[in-house]
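J.: Numbering (my numbering), first residue to last: 71 to 170.
Positions of the beta carbon are idealized from the N, C-alpha and C atoms, including for glycine.
#1: Applying the criterion that 16 or more other CB atoms from any shown protein chain within 10 Å of the CB defines a buried residue, is residue 159 buried or exposed?
#2: Leaving aside the five residues before and after residue 165 along the sequence, list all residues of the same chain whose C-beta is less than 7 Å from its C-beta, in chain order.
#3: So, is residue 170 buried or exposed, given that buried needs 16 or more other C-beta atoms within 10 angstroms?
#4: Taking the runs of the alpha helix (DSSP H) that are 4 residues or longer, which of them lie wholly in the stretch 93 to 122?
#5: Can you look up residue 147 in the DSSP assignment and give me helix, strand or coil?
#6: Can you tell me the Cα-Cα spacing of residue 162 and residue 113, whole angstroms?
#7: Please confirm if the stretch 80 to 94 is in contact with the stretch 107 to 121, defined as three or more CB-CB distances below 8 Å between the two stretches.
#8: Could you spell out the range, first to last residue, of the alpha helix (DSSP H) harbouring residue 127?
#9: Considering Cα atoms alone, identify which of 87, 82, 156 is closest to residue 128.
#10: State the CB to CB distance for the pair residue 115 and residue 130, rounded to an integer number of angstroms; the pair is presumed to be in contact (CB under 8 Å).
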C-alpha cells in the first residue's frame, strides 16, 4: 500500500472539495468506496462473532465476496435481528452469484 505525502494529500482533498462544490454533489473515489465496503464487512463479521461466537471460515469467505454496498448495509442490520447463525448465513448467501 502506498501513502501520499501530506502535501499531496492536502492538494488532493482540496481538488476533490472544489470538484464536489462545483457540481453540488459528493464524489466518492474508488478507494473510499472500497474502504466503506471493507469496513462494513469487518463490522458484520465482528457483530456476528459477538452474537454467535466463532464463525465458520466459509461464512467469512461468503461475506468477503459480497460487493453490493446496499446489501452489505442490509446484512449489517440483519446481524441484530436474526435468531441464529444459520439464519444469518442463509441471508448472507442469498446474494452470492450462483456457482457454475
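T.: Quick answer:
#1: By one-based count along the chain shown, residue 159 stands at place 89. Residue 159 is classed as buried because its beta carbon has at least 16 other beta carbons within 10 Å across all chains shown.
#2: By one-based count along the chain shown, residue 165 stands at place 95. Closer than 7 Å at Cβ, skipping near neighbours: 136, 138, 141.
#3: The count along the chain shown starts at 1 and reaches residue 170 at position 100. Only weak support is given to the placement of residue 170: the predicted model assigns it a pLDDT of 48, under 50, and the question is left unresolved by the model.
#4: The stretch 93 to 122 contains these whole alpha helix (DSSP H) runs: 100 to 122.
#5: Reading the chain shown from its first residue, position 77 is the one you call residue 147. Of the three classes helix, strand and coil, the one that applies to residue 147 here is helix, per DSSP.
#6: Numbered from 1 along the chain shown, position 92 holds the residue referred to as residue 162. Numbered from 1 along the chain shown, position 43 holds the residue referred to as residue 113. Computed Cα separation, rounded: 14 Å.
#7: No: the two stretches stay apart, fewer than three of their Cβ pairs being nearer than 8 Å.
#8: The residue you call residue 127 lines up with position 57 of the chain shown. Bounds of the alpha helix (DSSP H) holding residue 127 are 127 to 135.
#9: As a working mapping, residue 128 is identified with position 58 in the chain shown. Ranked by Cα distance from residue 128, the first of 87, 82, 156 is 156.
#10: Locating residue 115 in the chain shown gives position 45, counting from the first residue. Locating residue 130 in the chain shown gives position 60, counting from the first residue. With 8 Å as the limit, residue 115 and residue 130 qualify as a contact, their Cβ atoms being about 6 Å apart.
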